[in-house]
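A.B. asks:
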Amino acid sequence: MEIIRSQRRPSKVDDVVSTLPLYRSAPPLQVRLEDFELFAIDRLRVLKGISDGLSRGKKPDEMEKLVSDLWKANMRHPQASEFVNKDIISHFVLRLVYCRTEDLRKWFLSMETALFRHRFRLVTPEAQRVLLAEFDLPYKAVSHAEFESVKEKLGQVARSIGQSLPSADAIYFKVPFEEVPELVAGRRVFLHKGHAYVAMNQVVSLVVTQFRSHLSKALVLTNRKWTSTIREQEKERLTPIVEALSTSYLGPDYSQPREFVEISIKDIDQVANSSFPLCMRHLFEKLREDHHLKHGGRMQLGLFLKGVGLKLDDALAFWKAEFSQKVGSERFDKEYAYSIRHNYGKEGKRTDYTPYSCQKIISSTPGVGDHHGCPYRHFSEENLRAALGKMGVGNRAMEDVMDKVRNRHYQLACTLTFEAVHGSSCDAGINHPNQYFSDSQKILHPKVDPASKSRSC
-4 MEIIRSQRRP SKVDDVVSTL PLYRSAPPLQ VRLEDFELFA IDRLRVLKGI SDGLSRGKKP
56 DEMEKLVSDL WKANMRHPQA SEFVNKDIIS HFVLRLVYCR TEDLRKWFLS METALFRHRF
116 RLVTPEAQRV LLAEFDLPYK AVSHAEFESV KEKLGQVARS IGQSLPSADA IYFKVPFEEV
176 PELVAGRRVF LHKGHAYVAM NQVVSLVVTQ FRSHLSKALV LTNRKWTSTI REQEKERLTP
236 IVEALSTSYL GPDYSQPREF VEISIKDIDQ VANSSFPLCM RHLFEKLRED HHLKHGGRMQ
296 LGLFLKGVGL KLDDALAFWK AEFSQKVGSE RFDKEYAYSI RHNYGKEGKR TDYTPYSCQK
356 IISSTPGVGD HHGCPYRHFS EENLRAALGK MGVGNRAMED VMDKVRNRHY QLACTLTFEA
416 VHGSSCDAGI NHPNQYFSDS QKILHPKVDP ASKSRSC
């Protein structure tokens, strides 16, 4: 791909191979830099939605609907002829983004495989046959004569698993039984002389295995190219975008307070106890206890407080009241007040800094004496259990939270904490500390801004 401008290339949306690409090699397309990033963000919304659905244990039919909705909402293009280009470009951009570490590769591989599985199931049988040919799988379709000879047996299997009887134009493949262990174990195929008769609607498992294997190898090769040449060659243009995308926050902007316009110093202890997520609650308590936080903690908590509505004058008074107990008022004014005004856009470049998202907090690396970061990732199990108990999380809910933590679903663990503390479901999931605060306040004060209901959990 050459990152210059969009190249308009006509393509039919119903073209089988184009509609469901196999992403074998990067396309010979010219791409505008803004499209390079925007297309990737749109696809990332789809993949993160799939990840959230899988983490929450959604059923297969629920996942089918979720993936369809995510794809329709994010992957459309104003020009129908550009839909395929967007699909291909976005995949290869994210392949570059997620090739860089083992954890990133593992996540991307799982989500792209889940997406491919869903899309393969949706295309027509004829389209599936074309894709099978693309994979060059060594499986032969059963001839009409052979089909007729085993039709009764195939019908028995179909009835046993609640499927309709095979029609005269049904397509089956003879596959060595050891290559479809999940179908054999579930007694979902007819076995004869060491072969399993696999229906077209079951071939998806074979195709997905091939897709996953190819993508896994491709990610390793992409990582080598990225490390050896691309990162340095594109350090002025693409590298900053690529390195930022894997931790990008894709939700609402919380740089300014939303529904709940402001909080004051006199309210802050009460709202901290009722509506702060664990990451901010921990920082707040440590600040009250030690009258000091290191830079990472000051940034994480300070921008959060700005986002929930603490005005600059109140912020200066709040931080000064704490820090002056440790370093004195004069030193606070000299060494710390400037950075607070800077965060509010009143010093330096006068940039309006945004509160940290969950992704940014989770990816941080707190050192000795630091208190910032994500408790679900950075706390020991003992400390996390103690903190959750202090928030009022019951035993059963706590075990659910710990299960998500062990599986590294940190945002879902926070979501389950929210649900346990508030006694209310949060289907949207927690993606930002300020979202946690906002949704908490909506539950605790339901009469405030009912028009915002659609944005809440």
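Residue numbers (our numbering): -4 to 452.
Backbone N, C-alpha and C define an ideal beta-carbon position, used for all residues, glycine too.
Small disclaimer: the values here were computed from a predicted structure and weren't measured.
#1: Could you pull the start and end residues of the alpha helix (DSSP H) that K471 belongs to?
#2: Just how far apart, CA to CA, sit D422 and Y18?
#3: Out of curiosity, what's the CA-to-CA distance linking G387 and A267?
#4: Along the alpha helix (DSSP H) that carries H86, what are the first and last residues, could you check?
#5: Following a CB-centred definition, is L24 positioned closer than 6 Å to any heavy atom of the ligand GDP?
#6: Rounded to whole angstroms, what is the Cα-Cα separation between I356 and Q158?
#7: Applying the 10 Å Cβ sphere with the 16-neighbour rule, what's the burial state of E227?
#8: Hey, M195 and I166: beta-carbon distance below 7 Å or not?
#9: So, are the CB atoms of D37 and N69 less than 7 Å apart?
#10: Output the distance between the C-alpha atoms of P60 and H113, rounded to the nearest integer angstrom.
#11: Under the rule that 16 or more other beta-carbon atoms within 10 Å means buried, what is D398, buried or exposed?
#12: So, at 7 Å on beta carbons, what are the nonlocal neighbours of S361 in its own chain, with the 5 sequence-adjacent residues on each side left out?
#13: Going by C-alpha to C-alpha distance, which of L33, S105, G297, F318 sits closest to A310?
#14: Using DSSP bridges, identify the partner residues of V175.
#15: Taking the alpha-carbon of L210 as reference, which of Y93, K315, C353 has the nearest alpha-carbon?
#16: Cα-Cα, which of V88, H417, V400 is closest to A239?
#17: Are the CB atoms of A392 and V400 nearer to each other than 7 Å?
#18: If distances are taken between C-alpha atoms only, which option among D365, S162, F130 comes closest to H139?
#19: Looking at the unbroken beta strand (DSSP E) that takes in L305, where does it start and where does it end?
C.D. replies: With the given structure in hand:
#1: The structure shown does not extend to residue 471, since the chain is modelled only from -4 through 452, so no value can be given for it.
#2: To locate residue 422, count along the sequence shown from 1; it is residue 427. To locate residue 18, count along the sequence shown from 1; it is residue 23. Approximately 33 Å, taken between the alpha carbons.
#3: Taking the sequence shown and counting its residues from 1, the one referred to as residue 387 is at position 392. Taking the sequence shown and counting its residues from 1, the one referred to as residue 267 is at position 272. So the alpha carbons of these two residues sit roughly 14 Å apart.
#4: Residue 86 sits at position 91 when you count from the first residue of the sequence shown. Unbroken alpha helix (DSSP H) run through H86: 78 to 92.
#5: You won't find the ligand GDP in this model; it holds no ligand whatsoever.
#6: Looking up residue 356 in the sequence shown gives position 361. Looking up residue 158 in the sequence shown gives position 163. CA-CA distance, I356 to Q158, rounds to 48 Å.
#7: Along the sequence shown, one-based indexing puts residue 227 at 232. By the beta-carbon neighbour count (other beta carbons within 10 angstroms, threshold 16), E227 is exposed.
#8: In the sequence shown, counting from the first residue as 1, residue 195 sits at position 200. In the sequence shown, counting from the first residue as 1, residue 166 sits at position 171. In this structure, M195 places its C-beta atom within 7 Å of the C-beta atom of I166.
#9: Locating residue 37 in the sequence shown gives position 42, counting from the first residue. Locating residue 69 in the sequence shown gives position 74, counting from the first residue. Yes, these two residues count as a Cβ contact at 7 Å.
#10: Within the sequence shown, the letter at position 65 stands for residue 60. Within the sequence shown, the letter at position 118 stands for residue 113. The displayed chain sequence assigns Lys, not Pro, to residue 60. Annotation: K60 to H113 spans about 10 Å, alpha carbon to alpha carbon.
#11: Locating residue 398 in the sequence shown gives position 403, where the first residue counts as 1. Burial call: exposed.
#12: Numbered from its first residue, the sequence shown carries residue 361 at position 366. According to the sequence displayed, residue 361 carries Pro and not Ser. Cβ neighbours of P361 within its own chain (closer than 7 Å, five residues either side excluded): G291, H367, G368, H373.
#13: Mapped onto the sequence shown, residue 310 falls at position 315. The shortest C-alpha separation from A310 is found at G297.
#14: Walking along the sequence shown from the start, residue 175 turns up at place 180. Residue pairing by DSSP leaves V175 without any beta bridge partner.
#15: Here the question's residue 210 lines up with position 215 in the sequence shown. Minimum Cα distance to L210 is reached at Y93.
#16: Against the sequence shown, residue 239 aligns to sequence position 244. V88 is the residue among V88, H417, V400 whose C-alpha sits nearest the C-alpha of A239.
#17: Within the sequence shown, the letter at position 397 stands for residue 392. Within the sequence shown, the letter at position 405 stands for residue 400. No.
#18: Mapped onto the sequence shown, residue 139 falls at position 144. Of the candidates D365, S162, F130, the one whose C-alpha sits nearest the C-alpha of H139 is S162.
#19: Taking the sequence shown and counting its residues from 1, the one referred to as residue 305 is at position 310. Counting along the chain, L305 falls outside any beta strand (DSSP E), and DSSP gives it neither H nor E.
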